[in-house]
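If you read the protein sequences in the order shown, they are chains F and G. Residues 7 to 364, numbered by the working numbering, are exactly what the first sequence covers, in order. Residues 4 to 292, numbered by the working numbering, are exactly what the second sequence covers, in order. Glycine included, C-beta positions come from ideal geometry on N, C-alpha and C. This structure is a prediction, so every number in the text was calculated from the model and none was measured.
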Amino acid sequence: MAKITLDNLAHSYLPNPTSEDDFALKQLDHDWVDGEAYALLGSSGCGKSTLLNIISGLLTPSQGRILFDGQDVTHAPTAERNIAQVFQFPVVYDTMTVRENLAFPLKNRGADPKYVAERVQQIGNMIGMEAELDRKARGLTADAKQKISLGRGMVREDVNALLFDEPLTVIDPHMKWELRTQLKKLHHEFGHTMIYVTHDQTEALTFADKVVVMYDGRVVQIGTPEELFETPEHTFVGYFIGSPGMNVIPAKVDGDRAYVNGSYVQLGRGYAPMDGKVEIGVRPEFATLSETEGLPVKIRRVEDVGRHKIIRAEFFGSDINIIANEGTPISADMNRVSFDPAHVNVYANDWRVKGEVA
Amino acid sequence: MEKTVNQKAWFLVLPVLILVAFSAVIPLMTVVNYAFQDTFGNNQFFWAGLDWFDELLHSDRMWDALGRQIVFSAIILAIEIPLGIFVALNMPKKGFWASFCLVLMSLPLLIPWNVVGTIWQIFGRVDIGLLGYTLDKLGISYNYTQDFYAAWITVIVMDVWHWTSLVALLAYAGLQSIPDAYYQAAKIDQASRWKVFRYIELPKMMGVLMIAILLRFMDSFMIYTEPFVVTGGGPGNATTFLSIDLVKMALGQFDLGPAAAFSLMYFLVILLISWVFYTVMTNLDKRES
C-alpha cells in the first residue's frame with residue numbers, strides 16, 4: 007500500500023510531440039491518497055487507460071515522474087512496482103486449473119506453499135468459484151474467466167495498488183453488482199489503494215470514494231460523487247454524469263442574473279464580467295416545469311422512466327431536459343420552466359466560474 | 004425443425020464426384036490394377052493376388068527404406084519444430100523489420116524443390132561449392148557422395164534450410180494472435196520468460212503447431228526431389244528414402260507390380276499416420292474446450 011504521486015506527468019504516443027494535441031495524456035499533477043478507492047471515468051480515448059498503464063509501468067511516460075511513497079519508480083519495471091492489474095478482457099492461463107491460476111502470482115514470488123493454499127482457497131470463496139477450483143481454466147465462460155482474473159489481481163495482500171481497467175465489461179449485469187460489491191468490501195477490509203477505470207458512471211459513482219473525470223487527455227475534475235453532481239467543474243462533467251446530463255444553455259451573465267435571449271434567470275451568486283463562451287448549466291433535477299413561473303419552453307415529449315418523468319423540451323432554440331416527480335401531472339399548459347438559483351452554475355469556456363456570494 | 008427430404012440434392016454433389024473420380028480415384032485404380040496382377044507386356048495381365056505384397060513385406064529393401072524414412076522424418080521434426088518456434092519468438096513483432104523478416108523467411112519456400120536440390124548439390128561440392136570448399140580447406144573431411152554421415156547431414160541441413168521457415172511463419176502467426184494483455188498480465192504476475200512461453204505462448208500456438216507438425220511430417224515422409232538431386236539416394240542406399248526407392252523400382256527396374264503394391268502400402272501408411280494425427284488433434288481440442 008502506498009501513496010502514488012504523479013509529478014508533472016504527460017504522455018504522447020508520438021516520438022516528437024509538438025503541440026498539446028499530440029499528447030494522449032496532458033500534463034497532470036496528482037496524489038492518489040493511500041488506501042482510497044478511485045474511479046477514473048471518461049469516454050473512450052480520453053487517456054484513462056494510458057494513465058493506468060503508466061502507473062502500472064507497462065508504459066513509460068514521455069515526461070514527468072511517478073512516485074510510490076515518495077520513491078521515484080518512473081523507469082522501474084512492472085514487477086518491481088508490486089501492483090496488481092485486472093484487464094478489460096479476461097486473461098487466464100488456459101492450461102492451468104483455476105487454483106493454479108490464482109496461485110500463480112504468489113508462487114512466482116516464492117510464497118510459502120501453505121500460505122498459498124490458504125489464500126487461494128479464500129480468494130476462491132470470494133469470487134464464488136470454490137467448486138471449480140480444480141477445473142481447467144480453458145473452456146470456462148467469459149464471466150468465470152474474468153472472475154479468475156479479478157481473483158488473481160486480489161490474491162496478493164501486500165500490493166501497492168490494485169488497478170482495474172474496465173474489468174466488468176464482459177460480465178453479466180447481475181454479476182456486475184455482485185463483483186462490484188465484493189470489490190468494495192475487499193477495499194474496506196484490506197484498505198488497498200484502488201484505481202478503477204471505467205466509462206460507466208454508475209460503476210464509477212458506486213465504487214469510488216473519489217471520481218477522477220477525464221476528458222480529452224485531461225483530468226477535468228476530481229471529487230466525490232456528490233461534488234460531481236452538484237458542482238461540475240467542466241461542462242463535460244455535467245454532461246457526462248447524470249441521466250440525462252446537465253443542461254448547458256448559452257447565456258449572458260451580469261452580476262447575479264443570467265440573460266437567455268433577453269429573459270433573465272436568477273443566479274445564486276454574483277459574477278464579474280467574463281470573456282469568451284459563457285453558458286449556464288442546470289441539472290434536469292433542479293429545473294421545474296409549471297404553468298405560471300419562469301421562462302417559456304416548448305415541450306417535445308415526455309418520457310416516463312418509472313421513478314420519474316423526463317421532459318424533453320426546447321428552450322430558446324436549445325434542447326433542455328427537465329425531471330419531474332412521477333406523481334406530478336404534466337399538462338399542455340405547463341409551458342414554463344424555472345431553475346433553482348442555488349444550483350445554476352456558470353461556465354466560461356467550459357470551465358466553471360465560482361462567483362461570489364451575492 | 005422439420006427436415007426436408009429431397010434426394011435430388013445428390014445431383015448437386017455429382018460434379019465433385021466426377022472431378023474426384025477423374026483426378027484421384029481412377030488413376031489410383033490403375034495402380035491397384037497393377038498391384039494385384041502381373042504383366043509381361045502386350046497389355047496381357049495375369050492375376051497375382053497378394054503375391055507382390057507378400058514379396059515386399061518379406062524384402063529387407065522396403066523395410067530398410069521405411070526405417071531410413073522414419074529416422075529422417077523424426078530428425079526433421081525434432082530440429083525444425085523447436086527451431087521454427089525459436090525463430091518465430093525472436094522475430095520483430097511489427098514495423099519494417101517484421102516485414103523484412105517475413106519476406107526473408109518466405110524466400111526458401113518459393114524456390115522450386117529441384118532447384119533447392121541443385122543449390123545444395125553445388126554448395127556442397129568440394130571443388131566449386133562454397134560450403135564443401137571451405138570445409139575442405141578447414142581440414143574437415145566432407146564428401147556427400149562418398150560418406151554416409153556427410154550425405155545424411157547434407158540432406159537434413161538442406162531440408163531444415165528449406166522448411167524451417169514454414170514452421171516459423173506458422174508459429175509467428177500463432178504468436179501474433181496473442182493479445183498484449185496476456186504479456187502485461189504475466190509481467191504483473193512476475194512470470195519468468197520460461198513461464199511466459201510455457202503458459203501463454205505455447206498453449207496459444209498449439210493449434211498452428213499441430214498443423215505445422217502434420218505438414219512437415221507428411222512432406223518429409225514423401226520427400227523425393229531434393230535428396231534425389233543431391234545424392235541420388237547414395238552413397239549406396241544411405242539416403243534412399245521410400246519415394247526414391249519406389250521410383251527406382253518402378254522406373255529404374257520397371258517392376259510395375261511390386262512398385263504398385265509398394266505405392267499402395269506407402270499411401271496407406273501416410274493415410275494412417277495422418278489420421279492418427281488428426282484424431283489426436285481433434286481430441287486435444289475437445290478436451291480443452
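Nearest to residue i (by Cα), restricted to the options the options
{"i": "S102 of chain G", "options": "G:L134, G:I79, G:V35, G:Y175", "result": "G:Y175"}
{"i": "L169 of chain G", "options": "G:I82, G:F75, G:M108, G:V118", "result": "G:M108"}
{"i": "I181 of chain G", "options": "G:V74, G:Y202, G:T167, G:I191", "result": "G:Y202"}
{"i": "D260 of chain F", "options": "F:M252, F:G274, F:I247", "result": "F:G274"}
{"i": "D57 of chain G", "options": "G:V283, G:W278, G:A263", "result": "G:A263"}
{"i": "E362 of chain F", "options": "F:Y353, F:G276, F:P347", "result": "F:G276"}
{"i": "G251 of chain F", "options": "F:F235, F:K258, F:A264", "result": "F:F235"}
{"i": "N355 of chain F", "options": "F:D281, F:D339, F:N327, F:A85", "result": "F:D281"}
{"i": "P85 of chain G", "options": "G:L172, G:D192, G:S195, G:F280", "result": "G:L172"}
{"i": "S269 of chain F", "options": "F:R342, F:T199, F:R318", "result": "F:R342"}
{"i": "K142 of chain F", "options": "F:P173, F:M181, F:T101", "result": "F:T101"}
{"i": "V311 of chain F", "options": "F:N331, F:V352, F:N22, F:V266", "result": "F:N331"}
{"i": "K315 of chain F", "options": "F:A293, F:F322, F:E297, F:G323", "result": "F:A293"}
{"i": "R307 of chain F", "options": "F:I129, F:A167, F:L192, F:A338", "result": "F:A338"}
{"i": "K153 of chain F", "options": "F:F170, F:G229, F:V165", "result": "F:F170"}
{"i": "W183 of chain F", "options": "F:E163, F:M160, F:F213", "result": "F:F213"}
{"i": "D150 of chain G", "options": "G:L205, G:I216, G:P238", "result": "G:P238"}
{"i": "I133 of chain F", "options": "F:F322, F:R318, F:L156", "result": "F:L156"}
{"i": "E297 of chain F", "options": "F:G76, F:T208, F:M340, F:K190", "result": "F:M340"}
{"i": "R158 of chain F", "options": "F:S25, F:A109, F:E320", "result": "F:A109"}
{"i": "D75 of chain F", "options": "F:S324, F:L185, F:S49, F:W38", "result": "F:W38"}
Close Cβ partners of residue i (< 8 Å) along its chain, the five nearest in sequence each way excluded
{"i": "Y227 of chain G", "result": "F244, S246, I247, V250"}
{"i": "I72 of chain F", "result": "I10, T11, L12, D13, L15, I60, I61, D78, V79, T80"}
{"i": "L65 of chain F", "result": "H17, T56, N59"}
{"i": "I78 of chain G", "result": "I159"}
{"i": "P261 of chain G", "result": "W55, E58, L59, M252"}
{"i": "G120 of chain G", "result": "M161, T228, E229, P230, F231, V232, V233"}
{"i": "A226 of chain F", "result": "Residue 226 of chain F is actually Val in this sequence, not Ala. Cβ neighbours of V226 of chain F beyond the five flanking positions: V219, M220, E239, H240, F242, V243."}
{"i": "D149 of chain F", "result": "V176, I177, D178, M181"}
{"i": "L217 of chain G", "result": "S277, F280, Y281, M284"}
Residues that residue i bridges to, as DSSP identifies them
{"i": "I201 of chain F", "result": "F:Y44, F:L169"}
{"i": "F321 of chain F", "result": "F:S324"}
{"i": "T42 of chain G", "result": "G:F48"}
{"i": "P23 of chain F", "result": "DSSP, once it has assigned bridges, lists no residue as partnering P23 of chain F."}
{"i": "L138 of chain G", "result": "Per DSSP, none; premise fails for L138 of chain G."}
{"i": "G229 of chain F", "result": "F:V217"}
Cβ neighbours of residue i in the same chain (closer than 6 Å, five flanking residues each side left out)
{"i": "V158 of chain G", "result": "P230, T242"}
{"i": "A210 of chain F", "result": "A45, L47, T204, V217"}
Expected contact under 8 Å - CB spacing of residue i and residue j to nearest Å
{"i": "G70 of chain F", "j": "L15 of chain F", "result": "4 Å"}
{"i": "E138 of chain F", "j": "V97 of chain F", "result": "At roughly 17 Å, the Cβ-Cβ gap does not stay under 8 Å, so E138 of chain F and V97 of chain F are not in contact."}
{"i": "G333 of chain F", "j": "G287 of chain F", "result": "Wrong, their Cβ atoms sit about 27 Å apart, outside the cutoff."}
{"i": "F95 of chain F", "j": "A188 of chain G", "result": "Actually they are not in contact, since the Cβ atoms of F95 of chain F and A188 of chain G sit about 10 Å apart, beyond 8 Å."}
{"i": "G177 of chain G", "j": "K207 of chain G", "result": "6 Å"}
{"i": "L295 of chain F", "j": "I336 of chain F", "result": "7 Å"}
{"i": "G248 of chain F", "j": "R289 of chain F", "result": "6 Å"}
{"i": "G52 of chain G", "j": "F39 of chain G", "result": "7 Å"}
{"i": "A43 of chain F", "j": "D206 of chain F", "result": "The Cβ separation is near 15 Å, so there is no contact."}
Opening and closing residue of the alpha helix (DSSP H) in which residue i lies
{"i": "S246 of chain G", "result": "245-250"}
{"i": "E239 of chain F", "result": "Taken as a continuous stretch (DSSP letters only), E239 of chain F belongs to no alpha helix (DSSP H), as it is neither H nor E."}
{"i": "Y185 of chain G", "result": "183-191"}
{"i": "V170 of chain G", "result": "151-179"}
{"i": "E136 of chain F", "result": "That residue, E136 of chain F, is in no alpha helix (DSSP H); it is neither H nor E in DSSP."}
{"i": "P83 of chain F", "result": "P83 of chain F -> no alpha helix (DSSP H), and no H or E assigned at all."}
{"i": "Q207 of chain F", "result": "207-213"}
{"i": "G210 of chain G", "result": "205-224"}
{"i": "Y202 of chain G", "result": "First-last for Y202 of chain G: undefined, no H or E at that position."}
{"i": "R71 of chain G", "result": "63-93"}
{"i": "I154 of chain F", "result": "148-160"}
{"i": "G120 of chain G", "result": "116-126"}
Contacting residues, own chain, Cβ-Cβ under 7 Å from residue i (five flanking each side not counted)
{"i": "G53 of chain F", "result": "A30, L31, M220, G223"}
{"i": "G132 of chain G", "result": "I125, F126"}
{"i": "P231 of chain F", "result": "L211, V217"}
{"i": "Y37 of chain G", "result": "L259, G260, A263"}
{"i": "Q221 of chain G", "result": "Before going on, a small fix: residue 221 of chain G reads as Met here, not Gln. Excluding sequence neighbours, M221 of chain G sits near I273, S277."}
Residue interval of the beta strand (DSSP E) (run including residue i)
{"i": "D310 of chain F", "result": "304-310"}
{"i": "T294 of chain F", "result": "293-296"}
{"i": "K216 of chain F", "result": "216-221"}
{"i": "Q272 of chain F", "result": "269-277"}
{"i": "E285 of chain F", "result": "284-288"}
{"i": "A16 of chain F", "result": "10-18"}
Contact test: residue i Cβ vs the ligand ZN heavy atom, cutoff 7 Å
{"i": "L15 of chain G", "result": "With respect to the ligand ZN, the structure offers nothing, as it holds no ligand at all."}
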